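Respectively, the protein sequence lines represent chains P and E. Residues in the first sequence are numbered consecutively from -1, following our numbering. Residues in the second sequence are numbered consecutively from -1, following our numbering. Where a beta carbon is used, it is the ideal one built from N, C-alpha and C, also for glycine. Note that the coordinates shown come from a computational prediction; the quantities given were computed from them, not determined experimentally. Before any comments, here is the structure.
Protein chains: 2
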Amino acid sequence: MSAAPQARKQPTQRRAIETFAAIVEAAARILETGDAEALNTNRIAERAGVSVGTLYQYFPDKHAILVALIRREREVLLSELRAIQDGGEEVLQQMVDVSIRHQFARPRLAAALEHIEASFPMGEEADEMAREIASISSGLLARRFGPLDPTDLLTAVIIARSLVNAAGEGLLPEAGLRERVVKALEGYLRAVSSRD
Amino acid sequence: MSAAPQARKQPTQRRAIETFAAIVEAAARILETGDAEALNTNRIAERAGVSVGTLYQYFPDKHAILVALIRREREVLLSELRAIQDGGEEVLQQMVDVSIRHQFARPRLAAALEHIEASFPMGEEADEMAREIASISSGLLARRFGPLDPTDLLTAVIIARSLVNAAGEGLLPEAGLRERVVKALEGYLRAVSSRD
DNA sequence: ACATTATCCGAGCAATGACTCAGTTTTTCT
DNA sequence: AGAAAAACTGAGTCATTGCTCGGATAATGT
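The structure is reproduced here in structure tokens:
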């Protein structure tokens, strides 16, 4: 029955808001190093240009910093996905484009967060965002391929993610990635859907 | 120019060989716990029923234990894949079956190693095994779908792995997994290959 | 100007964990 | 049996790291 780690102070003055953001960004920068071992609170504070004490004024523990970072990233992705929700024809390609752009904006960071997300519980709010991302993605796919079994939808999302991630980590070439993802999705979903 | 961590003593007596194996298996058991933080050398030694000193007689450092564990797992997968290389008709299904069986033999362990592999360099020998696994898989796919672009082959392998892993982590139901993977691979590879 | 609140500092504590070493026990060899 | 080699022990060392706390500095309100 350990209590969920309480948020600390929320920053009100401009200076404090910048400090908060600097800490989160410092964590991101360290993760981009690739050396996950180097992610400790002392180093985060140093890279953020603040002291450890300050850090702990806004984050109850180390974990909370990661949660904030993941929230920050998911918010970007979510708003981009929402934007194409009421888009026009080629929803599938647009959706793939958004994922690719998101992944390649900061590929090393995206890859690092991928692993972190898998190994920690991220808290109710972040989970809710993940659910919404999955739900929007599924909705877009359904619009293109008609009503589908939820498991098939999920399968498609997993395929898309794995390919984009692999490319982000350098395993697959970025060139032609979009076409490849679209082909894979169409191949699977056509085999599974009734219409078209 | 840090030297690669040297292997220490290789066990020659029966007792020592069992000790070595017990240490590797202890690491595996701890990883299956899901609590990656709990993987420390003191705990590994304790679970293996030996002292820390003994542990360090066979492994130069903690990292080496994980390398040994990953080698152990890859060896199993490799020999199973090699076995079907000269198999009969349904090579694709056989290959998918092997992957699925491997993943579901110890799903939590497989998932944990997945993340570890991604975040550490695993050394020349283990890398070689990974390359061979990929190469055999590609060969099997090529036999079924004809000569293909290497990137397309790799794409197919990634798709298969991601689906099997997702199921291993409980995201996707195990029921019907094989059919799903086969469908995804066929969908993509048919779209990409010329024949059939 | 003065008080009050917000923000920040950073030495240092307590816990943890990777790894060593001096000595003991077990096995092997002759 | 006796000696040498191999295997094992576990308390202890040293470095790292998450986090606290007492006090300093800056912003805000009157």
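Within 8 Å, strictly: CB atoms of residue i and residue j
i, j, result
"Leu64 of chain P", "Ala25 of chain P", "yes"
"Gln91 of chain E", "Val155 of chain E", "no"
"Thr39 of chain P", "Lys60 of chain P", "yes"
"His100 of chain E", "Leu75 of chain E", "yes"
"Arg70 of chain P", "Glu123 of chain P", "no"
"Glu167 of chain P", "Ala81 of chain P", "no"
"Ala211 of chain P", "Ser97 of chain P", "The requested residue 211 of chain P does not occur in the structure, where chain P is confined to residues -1 to 194."
"Val89 of chain E", "Leu138 of chain E", "yes"
"Tyr186 of chain P", "Ala164 of chain E", "no"
"Val22 of chain E", "Ala62 of chain E", "no"
"Met93 of chain P", "Ser135 of chain P", "yes"
"Arg12 of chain E", "Arg27 of chain E", "no"
Inter-residue Cα distance where the pair is residue i and residue j
i, j, result
"Glu184 of chain E", "Pro119 of chain E", "33 Å"
"Val190 of chain E", "Leu146 of chain E", "8 Å"
"Leu111 of chain E", "Leu161 of chain E", "16 Å"
"Glu78 of chain P", "Arg72 of chain E", "40 Å"
"Leu29 of chain P", "Leu37 of chain P", "7 Å"
"Gly47 of chain E", "Leu107 of chain E", "20 Å"
"Thr17 of chain P", "Arg188 of chain E", "53 Å"
"Pro171 of chain E", "Phe102 of chain E", "12 Å"
"Glu130 of chain E", "Ala140 of chain E", "15 Å"
"Met(-1) of chain P", "Asp125 of chain E", "Only weak support is given to the placement of Met(-1) of chain P: the predicted model assigns it a pLDDT of 42, under 50, and the value that follows is read from those uncertain coordinates. Distance between the alpha carbons of Met(-1) of chain P and Asp125 of chain E: 43 Å."
"Gly174 of chain P", "Arg142 of chain P", "21 Å"
"Ser49 of chain E", "Pro148 of chain E", "48 Å"
"Glu115 of chain P", "Gly121 of chain P", "11 Å"
"Pro105 of chain P", "Leu169 of chain P", "12 Å"
"Asp95 of chain E", "Pro58 of chain E", "37 Å"
8 Å contact criterion, which residue i and residue j should meet: CB distance rounded
i, j, result
"Pro9 of chain E", "Tyr54 of chain E", "At roughly 13 Å, the Cβ-Cβ gap does not stay under 8 Å, so Pro9 of chain E and Tyr54 of chain E are not in contact."
"Ala43 of chain P", "Thr52 of chain P", "7 Å"
"Thr153 of chain P", "Arg41 of chain E", "About 37 Å; that fails the 8 Å criterion."
"Ala34 of chain P", "Ser117 of chain E", "6 Å"
CB contact check: residue i to chain P, cutoff 8 Å
i, result
"Pro171 of chain E", "yes"
"Val190 of chain E", "yes"
"Ile68 of chain E", "no"
"Ile98 of chain E", "no"
"Gly185 of chain E", "yes"
"His113 of chain E", "yes"
"Ala164 of chain E", "yes"
"Ile63 of chain E", "no"
Neighbour flag for residue i against chain E, beta carbons, 8 Å
i, result
"Ser0 of chain P", "Note that Ser0 of chain P scores 41 on pLDDT, short of 50, meaning its location in the model is unreliable and no value can be drawn from it."
"Arg178 of chain P", "yes"
"Ala182 of chain P", "yes"
"Leu107 of chain P", "no"
"Thr31 of chain P", "no"
"Ile28 of chain P", "no"
"Thr153 of chain P", "yes"
"Thr149 of chain P", "yes"
Near the ligand HEM: residue i beta-carbon under 7 Å from a heavy atom
i, result
"Val190 of chain E", "Summarising the ligand content, the structure contains no ligands, and the ligand HEM is consequently not present."
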